[in-house]
RNA sequence: GGUCCCAUCGUCUAACGGUUAGGACAGAUGGUUUUCAAUCAUCUAAUCGGGGUUCGAUUCCCCGUGGGACCGCCA
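In our numbering, the protein residues as written are 5 to 464.
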């Protein structure tokens with residue numbers, strides 16, 4: 005059996021992390037089964053659909069490595085077909101025109117509320133014999149007796165009484181198709197075999213199933229995955245903080261790390277936490293998807309990111325840093341590239357994100373060291389004397405390496421009868437502008453000799 | 001209000017009906033260290049409540065409670 009999966013977002017806002025995970029799961033299932041993964045842009049809401057969001061969706065998924073097969077499908081291009089199907093449904097007696105106004109519907113709703121009935125359209129126009137001239141929407145004639153059963157790959161058997169499914173609109177007053185129709189027709193046309201989507205779509209499945217049945221089409225397999233909740237415990241929305249991919253890119257999260265985090269959100273494989281791309285394709289399955297919603301946890305994202313920062317190839321990491329700086333900070337000067345690359349091995353040890361690395365590398369990137377007033381206080385007379393002594397010896401050095409540097413420092417330790425901090429701190433402040441930073445020898449060995457001399461001479 | 005779904009440490013989760021209920025993140029403590037980190041070791045911490053079924057229930061069933069989703073001419 006071939007697997008054809010899809011992800012079908014609407015370009016009405018930036019794609020958030022929940023959608024990204026849905027896309028990832030679809031993609032994984034397709035890859036695992038050597039099938040296809042399509043991206044379909046559901047832009048039938050002309051008012052709210054924006055090209056800008058379409059591009060954001062495509063680039064977000066691309067960044068994560070979730071690449072779709074073929075060119076993306078644009079739903080609005082297939083509208084004629086959707087309408088055609090709508091007309092066929094009318095012909096077959098599965099759809100009818102409804103002339104109720106918004107006011108009517110409003111009224112019906114308050115009535116229903118009062119009587120504790122479901123807020124569904126009351127099917128007032130369902131059995132209207134003659135056609136009127138006034139504007140109408142086309143509604144699907146839902147079943148009103150019995151119940152419907154859908155076997156869901158994650159939820160198990162879902163059973164719903166048909167009476168609770170309303171006669172939903174499939175064609176708007178302006179004759180344009182709605183989601184229920186378009187999505188169903190497109191899924192059928194694209195020969196989608198598996199639909200993984202958020203469980204907020206569960207009721208839609210029952211509506212769509214009726215269209216499939218009415219048209220005599222084969223219904224795909226469905227898997228409704230639980231939603232991702234924000235810290236507040238509610239369905240994640242585009243308005244939540246740190247909800248889009250861009251939010252994570254901006255703070256320097258690696259795509260592998262985010263992919264890994266998302267994979268483990270709602271899915272597990274034994275005790276395994278870290279999955280390479282290949283492993284996730286091989287190991288992913290719908291059986292491992294749970295049925296309860298999960299919360300976003302920033303500290304966990306950071307922790308996984310830290311893991312990837314420490315484990316990927318340093319050249320690769322440097323490349324990512326360069327891209328990151330160019331986009332969000334400032335271009336790394338080519339004269340600094342070598343020294344930065346050489347320093348990745350220790351810079352990365354103190355970093356959870358690319359932004360952290362950037363911060364830790366400030367002493368390399370900045371030519372003029374600014375000592376904060378607070379740290380400047382630590383540079384008292386004796387500290388300055390130590391710096392001066394160090395400088396004298398350092399300038400005499402013919403060969404700069406860990407041993408020769410250590411000798412200077414050790415001599416100072418005994419001369420001033422102090423501990424390492426007594427020597428290390430003033431030097432670190434003079435060289436980096438901060439009392440926090442990389443190990444002293446890492447700093448000393450990463451900077452050019454002239455630069456070190458220059459910086460130390462600044463301290464008077 | 002109606003319909004549906006969910007419930008294991010704070011969080012993500014593991015556990016053929018039989019485990020001292022496991023792992024990871026976070027947190028705490030200690031060791032190491034050159035500051036901040038990192039690292040190593042140790043610790044704290046959970047089966048929502050009540051009934052069944054069963055020799056035995058985190059697991060199956062019912063009720064309650066709590067949380068969530070949906071109820072658009074949005075998708």
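Just so you know, even glycine gets a beta-carbon here, dropped at the ideal spot from N, CA and C.
Predicted, not measured: the structure shown is a model, and the values here were computed from it.
Residue burial classification, residue i (beta-carbon count within 10 angstroms, cutoff 16)
i: residue 302; result: exposed
i: residue 348; result: buried
i: residue 300; result: buried
i: residue 380; result: exposed
i: residue 160; result: exposed
i: residue 396; result: exposed
i: residue 110; result: exposed
i: residue 163; result: exposed
i: residue 20; result: buried
i: residue 289; result: exposed
i: residue 86; result: buried
i: residue 493; result: No answer is possible for residue 493: it lies beyond the span of the chain, which begins at 5 and ends at 464.
i: residue 342; result: exposed
i: residue 436; result: buried
i: residue 351; result: buried
i: residue 56; result: exposed
i: residue 424; result: exposed
i: residue 260; result: buried
i: residue 150; result: exposed
i: residue 212; result: buried
i: residue 305; result: buried
i: residue 10; result: buried
i: residue 25; result: buried
i: residue 1; result: In the structure as shown, the chain starts at 5 and stops at 464, and residue 1 therefore has no counterpart that could be examined.
i: residue 69; result: exposed
i: residue 443; result: exposed
i: residue 398; result: buried
i: residue 274; result: exposed
i: residue 35; result: buried
i: residue 156; result: buried
i: residue 337; result: exposed
i: residue 322; result: buried
i: residue 384; result: exposed
Rounded distance between the beta-carbons of residue j and residue i, thought under 8 Å
i: residue 145; j: residue 99; result: 6 Å
i: residue 83; j: residue 15; result: Going by Cβ atoms, the distance from residue 83 to residue 15 rounds to 16 Å, so no, they are not a contact pair.
i: residue 368; j: residue 450; result: 7 Å
i: residue 185; j: residue 215; result: 7 Å
i: residue 357; j: residue 441; result: Residue 357 to residue 441, Cβ: 17 Å. No contact.
i: residue 33; j: residue 266; result: Incorrect: roughly 14 Å between the Cβ atoms, too far for contact.
i: residue 269; j: residue 298; result: 5 Å
i: residue 48; j: residue 181; result: 6 Å
i: residue 167; j: residue 148; result: 6 Å
Bridge partner(s) assigned by DSSP for residue i
i: residue 225; result: 198
i: residue 348; result: Its beta-bridge partners do not exist; DSSP assigns none.
i: residue 10; result: 42
i: residue 332; result: Per DSSP, none; premise fails for residue 332.
i: residue 181; result: 175
i: residue 142; result: 101 and 175
i: residue 153; result: 163
i: residue 20; result: 248
Any non-hydrogen atom of the ligand MN closer than 7 Å to residue i Cβ
i: residue 289; result: Judged by which ligands are present, the structure shown has none, so any question about the ligand MN falls away.
Within the segment 230 to 307, ranges of the alpha helix (DSSP H) (whole runs, at least 4 residues): 249 to 254, 259 to 267 and 281 to 287
Meets three-Cβ-pair contact criterion under 8 Å: the segment 62 to 72 and the segment 248 to 256: yes
At least three beta-carbon pairs within less than 8 Å, the segment 188 to 199 to the segment 208 to 219: yes
Continuous alpha helix (DSSP H) assignments of at least 4 residues falling wholly in the segment 94 to 130: 106 to 118
Cβ contact (3+ pairs, closer than 8 Å) linking the segment 220 to 236 and the segment 194 to 206: yes
Touching by the beta-carbon criterion (3+ pairs, under 8 Å), the segment 158 to 176 and the segment 121 to 129: yes
Meets three-Cβ-pair contact criterion under 8 Å: the segment 38 to 49 and the segment 67 to 78: yes
At least three beta-carbon pairs within less than 8 Å, the segment 423 to 443 to the segment 370 to 390: yes
Whole alpha helix (DSSP H) elements within the segment 376 to 427, 4-residue minimum: 377 to 382, 385 to 400 and 406 to 419
Any 3 or more C-beta pairs closer than 8 Å across the segment 131 to 151 and the segment 102 to 122: yes
Three or more C-beta pairs below 8 Å linking the segment 306 to 316 and the segment 325 to 345: no
Length at least 3, wholly inside the segment 44 to 95: the beta strand (DSSP E) runs in chain order: none
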